[in-house]
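Each residue of the sequence shown is one higher than the one before, counting from 266 in this note's numbering. Ideal placement from N, C-alpha and C gives every residue a C-beta, glycine not left out. The structure displayed is predicted, hence computed values, not measured ones.
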Amino acid sequence: MKILFILILVFLCIYNYFQISKFKVYTYNVYTNKIRNNLRIIRISDFHDNALIDLKKLKKSIEDFDPHLVFLTGDIISRNTSEFSNISNFLNCFCEYDTYFVNGNHELENELKNKLYMLLKRHNIKDLNNSGVCLSLFNDKIFISGISFENNEVEEPSKESYNILACHNPQTFIASKTANYDLVLSGHKHGGQVRLPYFGQIIDHDFTFFPKYSKGLYKIKNTYFNIDSGLGQNINLRLNCKISYSRFKVKPIK
């Protein structure tokens, strides 16, 4: 019995290592009548200073997709991150792209968070917290908005542009009942970290059992709403919930 227990423990440790070190890529097609040209977006959330990820492989994966926009939706660091060389190497993956950042709860709780903001600026990554930017891409009007973790106020955007909202906590969007965003990108939940087949996430950060929204792409009225499982975790435990990031192909309805 003791040998069996040890074998099971070893198996779980190996399994968990692959869950938190080998990332998966989800590619979603979303459609709109607000743009005339294809738009490619990457969103990465909850990196948590994950030192186990092959960053060269991550960078190659991003280069192959060649995104027009990149969103980092919070918890790039953990609350106890004190050494930032791995974070700098991670941010190197995005300096060639139009990249935007919103914070998560771990950025707010880390006493050295100013080091992260200095690195973001050095890597030409824009702070989107509680602000909005109007873009013109291929003569299409794009409006992007970001909400910081401590802010629950979501402004209603214009109906004329293609509107993207980046926020760390998905509950920020769910509670707002905002209708005019076409694509909402969030994280925070880590996909549940521990998921059961057919049932999904067991319990979320708010101690809700089997929450309705935990991971993947949802359609709420006219809004595509995505929650990502993240590229890391603060607690090194994942079961049936591999680390991942998401890519979006926004396509015009013709």
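- Runs of beta strand (DSSP E) with 3 or more residues, each lying fully within the region 404-428, are found at 405-412, listed in chain order.
- With contacts defined as CB atoms closer than 9 Å, K287 and I492 fail to qualify as a contacting pair.
- Across the structure, Y510 and S310 are spaced so that their CA atoms are roughly 7 Å apart.
- Approximately 18 Å separates the beta-carbon atoms of P435 and Y365; this is outside 8 Å, ruling out the contact.
- Put simply, of N375, N445, F414 and C358 the residue whose alpha carbon is nearest the alpha carbon of D319 is C358.
- For R308, no alpha helix (DSSP H) segment is defined; the enclosing uninterrupted segment is the beta strand (DSSP E) at L304 to I309.
- Per DSSP, reduced to three states, the secondary structure at F513 is strand.
- Residue pairing by DSSP places N394 opposite G411 in a beta bridge.
- In summary, E372 is buried, with 16 or more beta-carbon neighbours lying within 10 Å of its beta-carbon over all protein chains present.
- Sixteen is the threshold: since fewer than 16 other Cβ atoms of the shown chains lie within 10 Å of the Cβ of R387, the residue is exposed.
- Taking all protein chains shown into account, N298 has fewer than 16 neighbouring C-beta atoms within 10 Å of its C-beta and is therefore exposed.
- In this chain, the beta strand (DSSP E) harbouring T297 covers K289 to T297.
- In the DSSP assignment, I492 falls within the unbroken beta strand (DSSP E) covering T488 to I492.
- Straight through space, the alpha carbons of K289 and L393 are spaced by roughly 26 Å.
- Residue pairing by DSSP leaves I352 without any beta bridge partner.
- Cβ contact annotation for N303 (same chain, cutoff 8 Å, sequence separation greater than five): K514, V515, K516 and P517, in chain order.
- Non-local C-beta neighbours of K324 in its own chain, meaning closer than 8 Å and more than five positions away in sequence, comprise N357 and C358, ordered along the chain.
- Sequence-distant partners of N368 (beyond 5 residues in either direction) whose C-beta falls short of 7 Å from its own C-beta, in its chain, are G339, N394, S413, F414 and H433.
- The beta carbon of Y296 sits closer than 8 Å to the beta carbons of V515, K516, P517 and I518 from its chain, once the five residues preceding and following it are set aside; these are given in chain order.
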